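Undergrad:
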Amino acid sequence: MAERVGVYVCHCGSNIAGMVDCEAVARWAKENVSDVAVSRDYKFMCSSLGQAMIEEDIRKEGLTRVVVAACSPHLHEKTFRRACSNAGLNPYLMQMCNIREHVSWVAQERDPATEKAKSLISAAVARVKRQEPLEPMKVGVNPRTLVVGGGIAGLQATLELADAGYPVVLVERSPSIGGHMAQFDKTFPTLDCSACILTPKMSEAYQHENVTLYSYAELEEVSGSVGAFKVRIRKRARSVREDLCTGCGACIEKCPRKVVDNDFEVGLGYRKAIYMPFPQAVPKIPVIDRENCTWFQRGKCRVCEKMCQPGAIDYDQQDEIIELDVGNIILATGWKLFDCRKIPQYGYGRLANVFTNMEFERLCNAAGPTSGKIVLRDGKTEPRSVAIVHCVGSRDKNHNEHCSAVCCMAALKFGHLVLEKTGAEVYSFYIDMRTNQKMYEEFYCRLLEEGMHFIRGRVAEITDAARMPGEEGKLIIQCEDTLLGRQRRIPVDMVILMGALEPQADAKELGLKCGISCSMAGWYTERHPKLDPVATMTDGVFVAGACQGAKDIPAAVAQGAAAAARVMGMITKGTVEIEPVVASIDEEGCSGCRICNNMCPYNAIEYDAGRNVSRVITALCKGCGTCVAACPAGVITGSHFNNEQIGAEIEGILWDARAAAGRGAAAAV
Amino acid sequence: MSKGKLAIYWAASCGGCEISILGIQEKILEVDKAFDIVLFPCGADGKVREVEKLPDKSIDLCLFNGGIRTSEQEYMARLLRAKSRVLVAFGSCAHEGCVPGLGNLHTRKEIFETNYHDSPSLDNPGGTEPHHESSVPEGTLHLPEFYDTLKTLGQTVPVDYYLPGCPPESERIWEALEAILTGQLPPPGSVIGVNTTVCDVCKRKRTEKKIKAFKRTWEVVPDEETCLLEQGLVCCGPATRAGCGALCPQVNSPCIGCYGPNGGVEDYGARLMSALASVIDSNDPEEVERIVREGLPDPVGTLYRFSLASSLLRRSSRQAEAAKA
Amino acid sequence: MSEAFEPRIVGFLCNWCSYRAADLAGISRIKHAPNVRIIRVMCSGRVDPSFVLKALALGADGVMVAGCHPGECHYIEQNYKTIRRYGMLKHTLKAFGLEDDRVRLIWASAAEGQQLAEAIDRFVQDVRRLGPLNWPRFWNEDPARLAAVEKMAAEHAEAMEVPA
Amino acid sequence: MKYAFYPGCSLEVNAAAYDVSVRAVARVLGVELVELDDWNCCGATEYFSQDELTACAVIARNLALVEPSMNQLTAPCAACFLNLKKVDRLMAEHPDLGGKINEALAAGGLHYDPGRVRVRHLLEVIHTDVGEEAIKAKVVRPLTGLRVAPYYGCQVVRPYKDVDDPEYPVKMDELFRWLGAEVVDYPVKSHCCGGHMTQISEPEAFELIRRLLQSALEYDTDVIACLCPMCQLNMDAYQSRVNGMFNTSFHIPVLYFTQLLGLALGVPEKDLGFGKEIVSAGPVIHAKLAAC
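Structure representation (structure tokens):
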């Protein structure tokens with residue numbers, strides 16, 4: 000009994016109708032494509048009316064297959080599957096056909112676009128007739144969530160989930176949580192002290208009974224899929240026993256070995272070989288830096304062990320591998336600073352008094368190396384004039400094309416701090432002042448009133464080669480002032496470079512572990528930039544904060560909470576549906592040739608020596624279909640993507656070629 | 000019961016299938032008991048005129064082996080189709096074109112060039128070559144037309160059953176005859192045979208396959224126990240339908256695929272190509288290209304040795320000739 | 000419509016990277032040639048050489064296979080198998096006499112809408128330069144030779160006047 | 000290592016020291032420089048602005064003269080290097096222009112396929128091709144204690160970026176470090192030396208030269224090393240005129256980098272054209288370096 004196929008061509012307002020003649024295509028389908036019982040075109044198929052039309056046709060016309068020619072299946076496949084199941088038709092007997100993103104939006108002329116739409120519909124109808132009913136596989140969702148990255152976004156996600164009563168495992172690479180925010184002195188625009196608003200959240204996360212914190216630890220491996228991930232975490236050896244240490248800090252005090260702290264103090268300050276990144280570090284447990292510890296390097300000293308009453312120092316502590324089962328993963332791994340040395344003409348690393356924004360954050364921080372006094376590199380003289388250079392490494396084709404979103408506001412914050420603490424002249428060299436969030440523009444106006452100078456133009460060069468009188472011993476900012484329309488040379492004592500926010504160096508590697516990809520620049524790719532920014536292509540893996548794109552603290556916090564909300568949604572639902580696209584082997588036909596055995600990276604194919612056949616472990620199979628294509632006997636089938644379905648789709652898509660060619664010799668093949 | 004009529008014909012083939020029929024030894028008497036042989040050019044006398052006089056569908060069984068290379072063979076295919084109730088494409092040539100089908104890598108002009116003009120051992124000063132019609136004092140003589148492309152029996156007339164193999168083993172022939180005699184036949188149009196591949200019956204030990212290079216048979220003396228493909232030889236066993244009892248691998252010779260593809264497979268060469276390529280142990284395109292180029296100097300000959308005519312592409316492209324024409 | 004030859008090309012795009020790159024090209028309205036008709040597969044590793052051969056045998060003028068960049072496959076390493084099969088398929092197609100530029104394997108990540116559009120344009124231009132393929136025409140016999148069968152059948156026809 | 004060698008006009012007269020020191024250094028380092036037979040003027044800076052096609056044809060003639068056995072041509076002077084490279088690139092990027100040029104060359108029985116000859120500056124050849132180990136091995140008298148300010152000028156590092164970083168070139172700095180010299184982090188090392196502006200408007204030219212000398216002074220430079228006859232001439236010959244105009248008292252010797260390199264490789268001063276410079280380098284060399 001032939002199938003009764005319903006074809007629905009969507010106008011999508013003018014998105015499709017603008018380039019594709021939808022009425023003609025619908026009429027053509029009815030007349031030229033076999034087994035098409037109903038063929039309609041409608042303004043908005045994804046609207047409730049559009050869906051109702053499908054449901055009614057299924058009931059009234061007895062449709063056994065549905066083809067919806069509209070947008071990408073990644074957008075509305077679920078919508079139309081639900082419409083079919085509402086009307087009692089198995090959702091997998093529906094096939095979408097992408098005539099918007101792949102046809103109308105990229106077409107230059109109407110006729111070729113309409114012809115292409117016809118061939119895609121002919122393909123979809125041929126394919127859908129060979130599709131079989133399937134039931135999605137239900138998998139229980141483990142309520143425990145893994146959050147990677149203890150910055151503000153990760154902390155927000157952790158607290159939201161923990162407060163909702165669900166267990167959270169928070170993994171942080173550095174010895175303490177807090178992320179970049181812990182390095183800041185003030186935060187814009189409210190100028191409230193960064194530590195004051197951050198440390199409560201850090202300690203709350205640390206003491207929360209639902210949160211297990213692994214600091215100085217990294218995510219090493221992820222397997223399994225949404226609802227049932229198996230993760231391996233490498234907890235690096237601190238050489239300090241967390242259960243015994245009271246955080247008294249005696250060991251740090253007495254440790255004779257002092258080294259430059261290039262992490263937290265970005266090279267401005269010092270720390271001991273046994274250290275805590277900053278006073279309010281959470282957990283309040285020091286770490287021994289084995290590269291610089293005299294005991295580890297030359298087998299002498301052990302002062303910290305002597306000073307430690309509770310005896311918490313343990314030089315033989317080894318890395319620990321922790322295996323966990325989690326339902327969902329939230330990546331909140333943040334950003335790294337652009338290496339300002341990559342722009343030699345700005346002189347960072349060569350000219351002493353050129354600082355990066357992170358260095359200045361530490362300068363003006365009360366807990367910083369200069370306890371908040373803004374001084375030059377010599378640590379004594381106060382600058383009488385400061386230049387702040389925007390977009391260093393941002394909005395620059397040679398480095399990062401993106402705008403780092405936060406530097407304009409941070410520059411204003413620095414301007415305020417310099418004016419308030421030193422009364423020096425402050426010059427900001429900007430291209431566009433980007434103050435587009437709540438209270439941002441007001442903060443900018445405040446700085447105008449406080450007398451900060453704003454020069455519009457990209458800085459060409461920062462040099463100490465004085466030319467004019469009055470430039471000796473100064474750093475001269477050579478720039479074009481586009482508003483005055485001429486070159487200017489501004490001599491200053493100190494320069495602050497607003498370095499760009501860049502993706503973490505190992506972002507791509509970590510992304511691959513979790514099965515998600517990165518954008519060209521290196522930020523994690525979200526499922527949809529506007530409508531689904533915290534989810535990713537892989538179900539059960541979410542992203543939050545700057546790792547998904549440069550953003551300020553409020554946006555990072557919002558994304559942290561959003562990711563937590565998405566996870567809570569899945570946990571409360573309890574189960575998640577997995578696409579029933581899996582491979583299966585017909586054991587009668589299998590000759591045990593074992594060619595498929597090493598096709599599967601998920602080890603979902605096993606060989607049964609006794610019966611000389613291979614078998615697919617359905618739970619592990621992710622449905623990629625590589626074994627289906629490899630099987631020499633053709634006895635492995637991939638549900639929803641089997642050879643007959645794709646073969647039919649090829650025949651349908653080339654309907655006009657076969658008509659034009661006129662069949663050659665009688666082909667009974 | 001009255002004796003049925005049996006016709007055995009041979010078109011573009013080598014006659015090996017006929018010999019294999021006789022290979023059923025004494026059971027030929029059983030066949031003789033059940034059938035009157037109306038046409039058996041290789042084994043008995045019989046005139047086409049006689050067959051033409053028979054009413055349609057009066058031949059109970061026709062075992063047709065060989066591909067369709069000439070107009071006469073096409074005529075006989077049509078004739079026997081009209082006259083036979085059950086037409087069996089018997090053996091690899093009828094089923095998928097077999098070695099004669101490899102002629103599809105060339106055109107009629109190139110084949111004649113080699114046969115009648117520039118082969119080293121040829122003595123044909125006048126350069127004569129066969130023509131459809133040639134006039135002689137006595138009148139005009141006719142020879143069949145020689146096609147550019149060899150067609151399988153199935154591509155010429157509807158076929159009831161296919162019996163694969165080059166040649167089919169005598170036991171398989173007897174099983175097929177028995178099935179036909181007793182009427183227990185699979186659905187029309189299908190291949191009479193088992194639906195698995197040679198590895199099912201091959202005794203060799205198989206582990207995971209990782210191939211760094213494909214070797215030619217003279218390049219390696221294979222050991223008796225391990226799978227030949229794992230030793231680098233191009234063994235087509237995994238993709239070839241079982242039925243021969245893995246004769247070749249038993250004697251240290253890789254299977255070359257004469258029983259054709261497993262059930263439900265549309266293109267034998269593509270299946271084999273996909274399997275062999277998937278187990279190449281390299282991810283670097285240049286290295287893969289080298290392994291393939293060195294390991295399969297004649298890819299169509301190796302992958303489509305028996306099934307070129309019935310493959311999706313069926314023959315090589317005649318771009319050059321088409322371009323010139 | 001310009002009378003220039005418009006090639007019919009079938010494109011097998013993997014669901015996670017190249018298909019989304021095509022979506023992105025659409026979302027960013029990057030105009031490009033409409034000749035590639037896209038079939039979605041879960042992974043480039045699913046693309047069976049039979050699909051490419053079937054498309055050519057049904058009259059396609061070119062076939063494009065697109066996947067994630069090696070090392071970025073959503074299924075970790077399956078595009079490496081695509082590289083292996085592509086190598087052997089191209090080697091075989093060369094022996095079939097098919098021009099090299101008619102079947103092409105490219106990589107496009109989900110963020111490379113522009114690159115995919117450019118690759119499609121380049122491929123369509125290359126295939127257009129080669130002209131129509133229309134593989135089935137190679138099977139056609141010379142009409143004169145087919146006439147020989149009809150002639151023979153006619154001659155033998157009266158011999159077959161036989162009482163039912 | 001064999002290169003076609005294009006000396007250029009300046010090396011015959013006012014940059015004789017450069018010519019002598021280049022040949023000496025090449026001999027010691029085993030670099031074979033085969034002088035181009037019957038080479039002609041490289042068009043310097045003025046010719047291009049007069050008539051591009053003739054300028055290109057004249058310059059392309061040099062490229063065509065390079066024997067087929069050699070595919071690399073090196074020029075010590077920055078202007079010659081840039082013009083030769085620019086014509087090669089122009090002919091590759093504009094086939095029609097290339098065709099016209101080859102038409103012109105055909106009159107002299109010559110032809111040039113763009114890309115056949117790779118144009119390299121002498122600094123690239125010494126720094127990259129000869130390389131650190133080979134040079135260090137041959138250093139006889141390290142230049143310890145001598146504060147050298149490496150000056151690149153414009154044409155070697157711009158507009159083409161493949162020789163060195165256009166804003167902050169480092170190859171000569173590294174070379175002098177290998178020779179043991181104290182390398183000054185010279186901030187204006189790739190700023191303009193005035194070029195032929197000295198003939199057109201002295202105030203502007205001398206201001207540019209003053210900046211170079213002023214910065215060298217601030218970094219208490221012993222000697223400025225440069226790699227182009229034009230820059231050497233401007234900084235050396237006009238030093239007294241600059242002092243006059245800005246009543247400064249600069250007295251900084253300006254040498255070719257090959258002269259200092261020759262010194263380090265043990266070539267005697269008289270074979271390196273010492274003494275030809277206007278502001279004599281003798282005193283500071285003798286003061287700072289051990290007995291030569």
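Protein chains in written order, with numbering that gives the first Met the number 0: chain A, 0 to 668; chain B, 0 to 324; chain C, 0 to 163; chain D, 0 to 291.
C-beta: ideal position from N, C-alpha, C; glycine also.
In this text the structure is predicted, and so the values were computed from the model without any measurement.
With DSSP collapsed to three states, give me the class of V129(D).
TA: Stepping through the fourth sequence from its first residue, residue 129(D) is reached at position 130. Helix at V129(D).
Undergrad: Apart from the five residues just before and just after C402(A), which ones in its own chain have a Cβ nearer than 6 angstroms to its Cβ?
TA: Residue 402(A) sits at position 403 when you count from the first residue of the first sequence. Excluding sequence neighbours, C402(A) sits near S393 and R394.
Undergrad: Select from D141(C), A116(C) and V46(C) the residue whose C-alpha is nearest the C-alpha of K108(B).
TA: Looking up residue 108(B) in the second sequence gives position 109. Cα-wise, what sits closest to K108(B) is D141(C).
Undergrad: Need the endpoints of the alpha helix (DSSP H) that V50(B) sits in, please.
TA: Along the second sequence, one-based indexing puts residue 50(B) at 51. Counting along the chain, the alpha helix (DSSP H) containing V50(B) begins and ends at V47 to K52.
Undergrad: Please work out which residues of its chain come closer than 7 angstroms, Cβ to Cβ, to I570(A), disregarding the five sequence neighbours upstream and downstream, and give them in chain order.
TA: Here residue 570(A) corresponds to residue number 571 of the first sequence, with the count starting at 1. V140, P142, Y165 and G326.
Undergrad: Distance, Cα to Cα, F11(C) vs Q206(A)?
TA: Position 12 of the third sequence, counting from 1, holds the residue named residue 11(C). Position 207 of the first sequence, counting from 1, holds the residue named residue 206(A). Their backbone Cα atoms lie some 52 angstroms apart in a straight line.
Undergrad: For the alpha helix (DSSP H) that N233(D) lies in, which residues bound it at each end?
TA: As a working mapping, residue 233(D) is identified with position 234 in the fourth sequence. Run containing N233(D): P228 to A236, per the alpha helix (DSSP H) assignment.
Undergrad: Grab me the residues of H398(A)'s own chain with a C-beta within less than 6 angstroms of its C-beta, minus the 5 sequence neighbours each way, in chain order.
TA: Indexing the first sequence from 1 puts residue 398(A) at position 399. So the list reads G392, once near-sequence residues are dropped.
Undergrad: How far does the beta strand (DSSP E) with Q71(D) in it reach, from first residue to last?
TA: Translated into positions along the fourth sequence, residue 71(D) becomes position 72. That run of the beta strand (DSSP E) goes Q71 to A74.
Undergrad: Skipping 5 residues on each side, what residues in its chain have a beta carbon closer than 6 angstroms to that of S1(C)?
TA: Here residue 1(C) corresponds to residue number 2 of the third sequence, with the count starting at 1. The predicted position of S1(C) is uncertain, since its pLDDT is 49 and thus under 50; a value taken from the coordinates is nonetheless stated next. For S1(C), where only same-chain residues beyond five positions count, there are no Cβ hits under 6 angstroms.
Undergrad: Spell out whether any CB of chain A is found under 8 angstroms from the CB atom of K211(B).
TA: Start at 1 with the first residue of the second sequence, and residue 211(B) comes out as number 212. For K211(B), the answer is no, since every Cβ of chain A falls outside 8 angstroms of its Cβ.
Undergrad: According to a CB-to-CB cut-off of less than 8 angstroms, which residues of the region 173-187 of chain D neighbour chain A?
TA: Correct list: D184, P186 and V187.
Undergrad: How many angstroms separate the CA atom of L246(B) from the CA atom of S273(B)?
TA: In the second sequence, the residue the question calls residue 246(B) occupies position 247. In the second sequence, the residue the question calls residue 273(B) occupies position 274. Answer to the nearest angstrom: the Cα atoms are 24 angstroms apart.
Undergrad: Is the Cβ-Cβ distance between S306(B) and G259(B) less than 8 angstroms?
TA: Translated into positions along the second sequence, residue 306(B) becomes position 307. Translated into positions along the second sequence, residue 259(B) becomes position 260. Contact: yes.
Undergrad: Under 8 angstroms between the Cβ atoms of D172(D) and V182(D)?
TA: The residue labelled residue 172(D) in the question sits at position 173 within the fourth sequence. The residue labelled residue 182(D) in the question sits at position 183 within the fourth sequence. Contact flag set, yes.
Undergrad: Which value, in whole angstroms, describes the spacing of the CA atoms of Q318(B) and G96(C)?
TA: Position 319 of the second sequence, counting from 1, holds the residue named residue 318(B). Position 97 of the third sequence, counting from 1, holds the residue named residue 96(C). Distance between the alpha carbons of Q318(B) and G96(C): 8 angstroms.
Undergrad: In the structure shown, what three-state DSSP assignment does Y347(A) receive?
TA: What you label residue 347(A) is simply residue 348 of the first sequence in a count that begins at 1. Correct three-state label for Y347(A): strand.
Undergrad: If we cut at 8 angstroms on Cβ distances, does Y5(D) have a partner in chain A?
TA: What you label residue 5(D) is simply residue 6 of the fourth sequence in a count that begins at 1. Not an interface residue.
Undergrad: Give the secondary structure of S252(B) by DSSP, where H, G and I count as helix, E and B as strand, and everything else as coil.
TA: By 1-based counting over the second sequence, the position of residue 252(B) is 253. Here S252(B) sits in coil by DSSP.
Undergrad: Taking the CB atoms as reference points, tell me whether C192(D) and L211(D) lie closer together than 8 angstroms.
TA: Taking the first residue of the fourth sequence as position 1, residue 192(D) is located at position 193. Taking the first residue of the fourth sequence as position 1, residue 211(D) is located at position 212. Yes, the pair counts as a contact, with Cβ atoms nearer than the cut-off.
Undergrad: Are D324(A) and A227(A) touching if we call contact CB-CB under 8 angstroms?
TA: For the purposes of this step, residue 324(A) is taken as residue 325 along the first sequence, with counting starting at 1. For the purposes of this step, residue 227(A) is taken as residue 228 along the first sequence, with counting starting at 1. Closer than 8 angstroms, so yes.
Undergrad: Quick one: which unbroken alpha helix (DSSP H) runs of 4-plus residues sit fully inside the region 546-594 of chain A? Chain order, please.
TA: For the region 546-594 of chain A, whole alpha helix (DSSP H) runs of length 4 or above, ordered along the chain, are 552-572.
Undergrad: Considering only their Cβ atoms, is the gap separating A69(A) from A123(A) smaller than 8 angstroms?
TA: Reading the first sequence from its first residue, position 124 is the one you call residue 123(A). Reading the first sequence from its first residue, position 70 is the one you call residue 69(A). Going by C-beta atoms, A123(A) is not nearer than 8 angstroms to A69(A).
Undergrad: Could you tell me the alpha carbon to alpha carbon distance between A667(A) and L311(B), rounded to whole angstroms?
TA: To locate residue 667(A), count along the first sequence from 1; it is residue 668. To locate residue 311(B), count along the second sequence from 1; it is residue 312. Unreliable placement is indicated for A667(A), whose pLDDT of 32 sits below 50; the coordinate value is still reported in the next sentence. Taking the straight line from one Cα to the other gives about 12 angstroms.
Undergrad: In three-state DSSP terms, what is H120(D)?
TA: Here residue 120(D) corresponds to residue number 121 of the fourth sequence, with the count starting at 1. In this structure, H120(D) counts as strand in the three-state DSSP scheme.
Undergrad: Drop a sphere of 10 angstroms on the beta-carbon of V265(A), count the other beta-carbons inside from all chains shown, and report buried for 16 or more, exposed for fewer.
TA: Position 266 of the first sequence, counted from the start, is the residue given in the question as residue 265(A). It is buried - the Cβ of V265(A) has at least 16 other Cβ atoms within 10 Å.
Undergrad: Can you confirm whether S669(A), when its beta carbon is compared against all beta carbons of chain B, has any partner nearer than 8 angstroms?
TA: The structure shown does not extend to residue 669(A), since chain A is modelled only from 0 to 668, so the question has no answer here.
Undergrad: Look at the alpha carbon of C291(D) and the alpha carbon of L178(D), and state the distance between them as a whole number of angstroms.
TA: Along the fourth sequence, one-based indexing puts residue 291(D) at 292. Along the fourth sequence, one-based indexing puts residue 178(D) at 179. Per-residue confidence for C291(D) stands at a pLDDT of 47, beneath the threshold of 50, marking its modelled position as unreliable; no derived number is given.
Undergrad: Sorted by chain position, which residues of the same chain lie with C-beta nearer than 7 angstroms to V287(B)'s C-beta, five sequence neighbours on each side aside?
TA: Position 288 of the second sequence, counted from the first residue, corresponds to residue 287(B). I279 and S281, listed in sequence order.
Undergrad: Report the neighbours of G25(C) on chain A: residues whose CB is nearer than 7 angstroms to its CB, in chain order.
TA: Counting from 1 along the third sequence, the entry for residue 25(C) is found at position 26. R99, E100, H101, W104 and V105, listed in chain order.
Undergrad: Under 8 angstroms, do V221(A) and C513(A) count as touching if we go by C-beta distance?
TA: For this step, residue 221(A) is matched to residue 222 along the first sequence. For this step, residue 513(A) is matched to residue 514 along the first sequence. Closer than 8 angstroms, so yes.
Undergrad: Please decide whether D219(D) counts as near chain A, where near means a Cβ-Cβ distance under 8 angstroms.
TA: As a working mapping, residue 219(D) is identified with position 220 in the fourth sequence. Cβ-Cβ to chain A under 8 angstroms: no for D219(D).
Undergrad: So what does DSSP say about A24(C), is it helix, strand or coil?
TA: Within the third sequence, the letter at position 25 stands for residue 24(C). A24(C) falls in the helix class under three-state DSSP.
Undergrad: I want to see whether chain A comes within less than 8 angstroms of Y167(D), judged by CB atoms only; does it?
TA: Within the fourth sequence, residue 167(D) is the residue found at index 168, counting from 1. Answer yes: the Cβ-Cβ gap between Y167(D) and chain A drops below 8 angstroms somewhere.
Undergrad: Check the Cβ of F541(A) against every Cβ in chain C and list those closer than 9 angstroms, keeping chain order.
TA: Numbered from its first residue, the first sequence carries residue 541(A) at position 542. The contacting residues do not exist; F541(A) stays about 17 angstroms from chain C at best.
Undergrad: In angstroms, rounded to a whole number, what distance separates the CA positions of D431(A) and C390(A)?
TA: For this step, residue 431(A) is matched to residue 432 along the first sequence. For this step, residue 390(A) is matched to residue 391 along the first sequence. Approximately 9 angstroms between the Cα atoms of the pair.
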